[in-house]
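In this note's numbering, the protein residues as written are 1308 to 1364. Beneath this line is the structure, given in structure tokens, with notes to follow.
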């Protein structure tokens, strides 16, 4: 089974990886709205970093 996982991992290139990360970010921004939810400080810091990175691109 680990061979099967290794095969799948090799097929994910940088373009696909970036697309998946962006899709996850979009979903998080939709589902986790800091204005509406009291988040732990560490999670709030991470979300702020994501916003900052999004603004840089």
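Glycine included, each C-beta is placed from N, C-alpha and C at the ideal position.
Exercise. May I ask you to report which of helix, strand or coil DSSP gives residue 1308?
Key: Translated into positions along the chain shown, residue 1308 becomes position 1. Note that residue 1308 scores a pLDDT of 49, beneath 50, so its modelled location is shaky; the value from the coordinates is reported in the next line. Coil.
Exercise. Please name the residue in 1345, 1327, 1318 and 1336 whose C-alpha comes closest to that of residue 1357.
Key: As a working note, residue 1357 is residue 50 in the chain shown. For residue 1357, the nearest C-alpha among the options comes from 1336.
Quiz item: When the Cα of residue 1362 is compared with those of 1348, 1319 and 1332, which residue comes out closest?
Solution: Numbered from 1 along the chain shown, position 55 holds the residue referred to as residue 1362. Minimum Cα distance to residue 1362 is reached at 1332.
Exercise. Give me the Cα-Cα distance between residue 1327 and residue 1347, rounded to the nearest whole angstrom.
Key: For this step, residue 1327 is matched to residue 20 along the chain shown. For this step, residue 1347 is matched to residue 40 along the chain shown. Whole-angstrom Cα-Cα distance: 25 Å.
Self-check item: Euclidean distance between Cα positions of residue 1308 and residue 1325
Solution: Locating residue 1308 in the chain shown gives position 1, where the first residue counts as 1. Locating residue 1325 in the chain shown gives position 18, where the first residue counts as 1. Because residue 1308 carries a pLDDT of 49, less than 50, the predicted location of this residue cannot be relied on, and the following value inherits that uncertainty. Using only the alpha carbons, I get a separation of about 26 Å.
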